[in-house]
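Heads up: the structure comes next, in structure tokens.
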Amino acid sequence: MKLREERFRWLVAPLSCAAVVLSAPVVAQSLSDTIESVSGSASAFGEAVHTRMDTADGRRNNTKPGAGVSGQVGGALRSGANHLSLNYGGSLSTSRDLPSGDQTDSSSVNGAARYDYATTANPLDFNLGHSIQSVRNNTGFLLNAGDYDTRNTLTGGAGLTFQPGEVSSLRLAGQAGKSYGSGDLNDSESQTVSADFSRRLTERSTAGLSARRSWADDAGVDTTIDNAELNYSLYLENGFFSIGAGKSWSEADYPGQSTQESDAMTGFLTRTWAGPESSTSVEYNRRLSDSTTDLSLNLPPQFAFLPDTIELRELVVSDAVLVSHNTSKLCDVCSLGATAQVEQLESELSGATTYNYGAALNLGVDITNLHQLTASYSWQADSGIETGRIDEQRHQLILGVSRRLAEDVRMGLQLRQSWVRRKAENADQEQYAVRLFIAKDFSLTSTR
132 MKLREERFRW LVAPLSCAAV VLSAPVVAQS LSDTIESVSG SASAFGEAVH TRMDTADGRR
192 NNTKPGAGVS GQVGGALRSG ANHLSLNYGG SLSTSRDLPS GDQTDSSSVN GAARYDYATT
252 ANPLDFNLGH SIQSVRNNTG FLLNAGDYDT RNTLTGGAGL TFQPGEVSSL RLAGQAGKSY
312 GSGDLNDSES QTVSADFSRR LTERSTAGLS ARRSWADDAG VDTTIDNAEL NYSLYLENGF
372 FSIGAGKSWS EADYPGQSTQ ESDAMTGFLT RTWAGPESST SVEYNRRLSD STTDLSLNLP
432 PQFAFLPDTI ELRELVVSDA VLVSHNTSKL CDVCSLGATA QVEQLESELS GATTYNYGAA
492 LNLGVDITNL HQLTASYSWQ ADSGIETGRI DEQRHQLILG VSRRLAEDVR MGLQLRQSWV
552 RRKAENADQE QYAVRLFIAK DFSLTSTR
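Encoded structure:
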């Protein structure tokens, strides 16, 4: 197994902007005490779907009607030391026959939630998390979101923070995670213990040293990973900067094989620019880990771009670069969100190197006070071993126009196109849909 968590799922523009606020530390620091909101929508739709598939016997086509309901919810709530962030989306629709003779699955759900309790007045903090994800290991990219395998994860942890001095702190913590699903997606679990020492250098900057040990159990493979890292962070007038460097050591016991040991240099670099109308982020991350160990690493979800599908990985050294930009000043009535990511994965078991790519673009235009135009495009791809050339990729383009019937009710039309391209012959797939929908929006916002 290898990993990738690429395809970036965008919500409507207000949700995306709220999620970006959550993911950027400097923005969260300046705005989290003034604005908290949860918003979303529920819709019913009818559609006509045309599907084309290449097979060894030639191209097959069919056109089928469909109907269903869909919904999404996202945002954040804070009350004292309690903070909840969430982003979920899903749909339930009638099954359709495909040209291959198979039937589409009728439902799909993706999303994540994260609860934190933390306050400077109490040395104890704890967190709980949940995610539900579509896994493509056994299927590759598919046209229909409901046809993937589904994986649920639960995580939780707690920590104690000590103040040995006015400018220093030491946090000792433990974290655990477990996955649930069918077949090989079930019963993966891991635990992590960590120690983080930080010292404030100035009013805006801190430096620290972190160390952790993780244990993971997945399908009989027992893995232990140790990591030590130095880090530095700086809050700027227009954003945030952080950098870290260290090393990881791993020991993996494979069934029927000898214990395999490995090590790798690790590190990260993050730069965020944030303003009242736009934000930009550039991130680089190098890690030695696997999908099971990640369950207990206390990595908060990046709610602005949760992946539609993930690919579970064995123990790998990963180098990932992520660039994102969100703005509401493209024009007076426009909002734009864009993101791109590339990752190199080197297996510690086989030594094979693969690459994963992803990009997404989301545009919203308020034509009038009642009419809105939306356009979104997403792309994700996996490469072959060593070559870096794309073996498989999926594109999706959605164009929509809607009219507001009431303050929280709108009706609209969407044109949806998805296509899968594979290097193998007679494996391409295309799907075109016209969807008519009616939606009810809701928003809960508090300003303090």
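Numbering-wise (the working numbering), the sequence shown opens with residue 132 and increments by one. Using N, Cα and C, we set each Cβ at its ideal position, and we do this for glycine too.
Contacting residues, own chain, Cβ-Cβ under 6 Å from residue i (five flanking each side not counted)
| i | result |
| --- | --- |
| F272 | E523, R525, V551 |
| L400 | I374, Y415 |
| K554 | D522 |
| E360 | S341, G375, G377 |
| D559 | D185, R552 |
| Y488 | V473, A512 |
| D164 | With a pLDDT of 44 at D164, under the threshold of 50, the predicted position of this residue should be treated as unreliable, and no value is reported. |
| Y563 | H181, Q548 |
| N358 | R343, S379 |
| C465 | V496 |
| A490 | A471, W510 |
Beta-carbon proximity check, residue i vs residue j, cutoff 8 Å
| i | j | result |
| --- | --- | --- |
| V169 | L208 | yes |
| T323 | R302 | no |
| S420 | I356 | yes |
| S222 | F568 | no |
| D247 | A289 | no |
| T337 | S329 | yes |
| G171 | G205 | yes |
| P432 | A252 | no |
| G351 | T403 | no |
| V448 | A506 | no |
| N269 | D280 | yes |
Distance, residue j Cα to residue i Cα
| i | j | result |
| --- | --- | --- |
| Y219 | T390 | 40 Å |
| Q306 | R191 | 50 Å |
| S147 | N493 | Since pLDDT at S147 reaches only 34, below the 50 mark, its modelled position is unreliable, and no value is offered. |
| L316 | S478 | 20 Å |
| T182 | K309 | 37 Å |
| R267 | E334 | 46 Å |
| G387 | G515 | 28 Å |
| T194 | G287 | 46 Å |
| L259 | P230 | 43 Å |
| L291 | N557 | 57 Å |
| Y385 | D233 | 37 Å |
| Y366 | R245 | 24 Å |
| L546 | T284 | 33 Å |
Helix, strand or coil at residue i according to DSSP, with G and I counted as helix
| i | result |
| --- | --- |
| A207 | strand |
| A490 | strand |
| G312 | strand |
| D522 | strand |
| G387 | coil |
| A252 | coil |
| D228 | strand |
| S319 | coil |
Check: residue i C-beta below 7 Å from any heavy atom of the ligand NAP
| i | result |
| --- | --- |
| T186 | Of ligands this structure carries none, so the ligand NAP is not represented either. |
Chain-order list of residues whose beta-carbon lies under 7 Å from that of residue i (same chain, five-residue window excluded)
| i | result |
| --- | --- |
| A276 | S239, S265, D439 |
C-beta neighbour in chain B for residue i, strict 8 Å
| i | result |
| --- | --- |
| V180 | Among the chains of the structure shown, chain B does not appear; only one protein chain is present. |
Length at least 3, wholly inside the region 426-497: the beta strand (DSSP E) runs in chain order:
Counting only runs of 3 or more, we get 440-442, 447-458, 465-478, 484-497.
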